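Participant: If you read the sequence shown in the working numbering, its first letter stands for residue 98, the second for the next number, and so on. Below are the structure tokens for one structure; questions will follow.
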Amino acid sequence: MVFTACSMAFAHGSNDVANAVGPLAAIVGIVKSGTVAAKTVMPSWILLLGGAGIILGLATYGFKVMATIGQKITVLTPSRGFAAELGAAATVVLASSTGLPISTTHTLVGAVLGVGFARGIAAINLRVVGTIFMSWLVTLPAGAGLSIVFFFILKGVFAS
Numbered sequence: 098m099v100f101t102a103c104s105m106a107f108a109h110g111s112n113d114v115a116n117a118v119g120p121l122a123a124i125v126g127i128v129k130s131g132t133v134a135a136k137t138v139m140p141s142w143i144l145l146l147g148g149a150g151i152i153l154g155l156a157t158y159g160f161k162v163m164a165t166i167g168q169k170i171t172v173l174t175p176s177r178g179f180a181a182e183l184g185a186a187a188t189v190v191l192a193s194s195t196g197l198p199i200s201t202t203h204t205l206v207g208a209v210l211g212v213g214f215a216r217g218i219a220a221i222n223l224r225v226v227g228t229i230f231m232s233w234l235v236t237l238p239a240g241a242g243l244s245i246v247f248f249f250i251l252k253g254v255f256a257s
């Protein structure tokens with residue numbers, strides 16, 4: 098379990114930190130060069146900032162998500178947890194190595210569902226799964242909508 102937990106942490110860092118700080122790296126590149134470049138160098142301080150953000154998020158709210166994935170979807174034994182974490186970590190690292198930004202959480206939920214389905218649909222808490230799926234449907238347009246609002250606010254404040 099320690100191996101798969103470390104693998105999942107590595108996968109999380111390889112994907113989610115990059116997802117979180119990619120836009121910041123682009124902004125820093127534009128501010129430094131004054132132009133929009135196809136590629137920009139990622140300063141190490143941006144990666145450290147992203148890593149610190151992941152740690153802070155884990156320390157403040159991560160326990161709620163861990164409880165949902167680890168206890169509420171299906172009963173996880175050590176062997177099921179091992180299989181789910183290994184499957185999720187392998188998927189995320191493979192996607193990261195090809196440059197695909199994916200959701201570590203979605204992948205882990207899928208892996209936990211997989212080990213639950215291996216025991217039959219009765220082993221899955223469908224109410225929790227329904228809530229998770231509904232949150233996925235809501236968060237995509239919510240993120241888009243909020244980014245539009247923030248963009249126009251910032252444009253109004255900083256436009257010359």
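Just so you know, even glycine gets a beta-carbon here, dropped at the ideal spot from N, CA and C. None of these values were measured; they are calculated from a predicted model.
Which runs of the alpha helix (DSSP H), 4 residues or longer, sit entirely within the segment 107–181?
Facilitator: 115–130, 141–154, 160–164
Participant: How big is the Cα-Cα spacing for Ile-152 and Val-235?
Facilitator: 25 Å
Participant: Report yes or no: do the segment 165–173 and the segment 115–127 share at least 3 C-beta pairs separated by less than 8 Å?
Facilitator: no
Participant: Could you give the residue range of the alpha helix (DSSP H) that holds Leu-243?
Facilitator: 223–255
Participant: Measuring CA to CA, which of Gly-242, Tyr-158, Gly-217, Ile-229 is closest to His-203?
Facilitator: Taking the Cα of His-203 as reference, the smallest distance to any Cα among Gly-242, Tyr-158, Gly-217, Ile-229 is reached at Ile-229.
Participant: What does the alpha-carbon distance come out to for the pair Val-133 and Leu-251?
Facilitator: 19 Å
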